[in-house]
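Down below is the structure, laid out as structure tokens.
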Amino acid sequence: MSPCLADSLTIDESQTIGIASMAMITAGAAYGLGTPSATLTNSDDKDALLFGWTNQFLALIAIGLGKVALVAFIDHLQKHEAKSKRAFLWFIAGSNFIVNMIAAILVFVQCSPAKKLWDERIPGRCPGRKRVQTFGYIQAPYSAFCDFALAVYPVLIFRKVQAFSLPTKIGLSVLMGLGVVAGACTIVKTVKLKLLTKFEDTTWALAELILWNQTEMWVVFIVSCMPPTTAFFRFAYRESASRVSSILHRIRTGEEV
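Okay, structure coming up:
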């Protein structure tokens, strides 16, 4: 399998999971996720939390896969670089994905029985909530570090790629630099992790965490999927420019447009 195809498949997988996470948050919002629990029926409150926590699970996996896709693209560009640099990139992608997977699994093992996570009225305890918060203070800063590293590193690579013009290099560097935004979202999410152990209004508080998680996820998607499409946009631009030039020529020569 070629690197480009592997990159494309990873992007497809991450975005499929990301879309599934959006479906969960949409369903959760329909049941009242993001509104005060006091205004919801017992059934709606339960369904809102179920969809909300499922969204968190899927989003964490999608973010990890999105960074793998981004690293695959960067690695394809720097295939002639030293092995140590390539190993560093893949370490970032692999370790971030593993950390995100652990965080995703911890989401659904917070409570005993597991159903108490979304149905707070059944008997049981949630001793794992503090564990999720503590691990979040590891996962979120590390995810932010990876975002910042993957935003800065490509700038060093693009300047060496002879096939790209200077405007293309600048454009791609700015685009990849959007990873800084993802990192900033992760930092805000880290601050909001304190809500995990202070859930007085669960449907409202969980929605705050989801907001920043989803923002990070889609920024990662934008950054990871745009670079491979530059050839398409370059082709579309040339086709449009050619047609406009042809029309202008006909106007000047008096030909029928």
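The numbers in our numbering rise by one with no breaks, and the one at position 229 of the sequence shown is 739. Just so you know, even glycine gets a beta-carbon here, dropped at the ideal spot from N, CA and C.
Three-state class that DSSP yields for S622 in the structure shown: Here residue 622 corresponds to residue number 112 of the sequence shown, with the count starting at 1. Looking at S622 - three-state DSSP - the assignment turns out to be strand.
Given 8 Å, three or more beta-carbon pairs between the stretch 558-565 and the stretch 616-635: Put simply, the stretch 558-565 touches the stretch 616-635. At least three CB pairs are less than 8 Å apart.
Member of V619, F645 and Y647 whose CA lies at the smallest distance from the CA of R635: Position 125 of the sequence shown, counted from the first residue, corresponds to residue 635. The option with the nearest alpha carbon to R635 is V619.
Secondary structure of R669, DSSP reduced to three states: Position 159 of the sequence shown holds residue 669. Coil at R669, not helix or strand.
Nonlocal neighbours in the same chain, by C-beta distance under 6 Å from C735, ignoring five residues either side: One-based indexing of the sequence shown puts residue 735 at position 225. Closer than 6 Å at the Cβ level, and outside the excluded window around C735, lie I521.
Between the CA atoms of S683 and Y663 - distance to the nearest angstrom: The sequence position of residue 663 within the sequence shown is 153, counting from 1. The sequence position of residue 683 within the sequence shown is 173, counting from 1. When rounded, the distance between both Cα atoms is 9 Å.
Assumed close pair L550, G538 - CB separation to whole angstroms, cut-off 8 Å: Numbered from 1 along the sequence shown, position 40 holds the residue referred to as residue 550. Numbered from 1 along the sequence shown, position 28 holds the residue referred to as residue 538. Between G538 and L550 the Cβ distance is about 11 Å, and since that is not below 8 Å, they are no contact.
Status (buried if at least 16 other CB within 10 Å, exposed otherwise) for V701: Working through the sequence shown from its first residue, we reach residue 701 at position 191. Taking a 10 Å sphere around the C-beta of V701, we find fewer than 16 other C-beta atoms and assign the residue as exposed.
Other residues of its chain near L716: CB distance less than 6 Å, five sequence neighbours each side excluded: Within the sequence shown, numbered from 1, the residue matching residue 716 stands at position 206. Only residues of its own chain outside the window of five on either side were considered, and among them G562 have a CB closer than 6 Å to the CB of L716, listed in chain order.
Alpha carbon of P623 to alpha carbon of I615, nearest angstrom: One-based indexing of the sequence shown puts residue 623 at position 113. One-based indexing of the sequence shown puts residue 615 at position 105. Taking the straight line from one Cα to the other gives about 15 Å.
Counterpart residues of R635 in DSSP-defined beta bridges: Along the sequence shown, read from residue 1 onward, the residue named residue 635 stands at position 125. DSSP output for R635 lists S622 as bridge partner(s).
Proximity winner among V665, V609 and A579, relative to T678 (alpha-carbon distances): As a first step, residue 678 is located in the sequence shown; it is residue number 168 there, counting from the start. Answer by Cα proximity: V665.
As assigned by DSSP and simplified to three states, the class of T700: Counting from one through the sequence shown, the residue named residue 700 turns up at place 190. If DSSP states are grouped into helix, strand and coil, T700 belongs with the helices.
Reference V581; option with closest CA among L660, L568, A572 and V690: The residue you call residue 581 lines up with position 71 of the sequence shown. Nearest to V581 by C-alpha distance, out of L660, L568, A572 and V690, is L660.
Reduced DSSP secondary structure (H/G/I, E/B, other) of W628: Residue mapping note: residue 628 aligns to position 118 of the sequence shown, counting from 1. Coil, per DSSP.
With 16 other Cβ atoms within 10 Å as the buried cut-off, status of F731: For the purposes of this step, residue 731 is taken as residue 221 along the sequence shown, with counting starting at 1. Classification of F731: buried, given that the 10 Å Cβ count is 16 or more.
Cβ pair G681, F658 closer than 8 Å: As a first step, residue 681 is located in the sequence shown; it is residue number 171 there, counting from the start. As a first step, residue 658 is located in the sequence shown; it is residue number 148 there, counting from the start. In this structure, the beta-carbon distance from G681 to F658 does not fall below 8 Å.
Length of the line joining the Cα atoms of W728 and L587: For the purposes of this step, residue 728 is identified with residue 218 of the sequence shown, where counting begins at 1. For the purposes of this step, residue 587 is identified with residue 77 of the sequence shown, where counting begins at 1. Between the alpha carbons of W728 and L587 lies a gap of roughly 23 Å.
Proximity of A603 and S524 at Cβ, strictly below 8 Å: Residue numbering aside, residue 603 sits at position 93 when the sequence shown is read from its first letter. Residue numbering aside, residue 524 sits at position 14 when the sequence shown is read from its first letter. Taking 8 Å as the cut-off, the beta carbon of A603 is found no closer than this to the beta carbon of S524.
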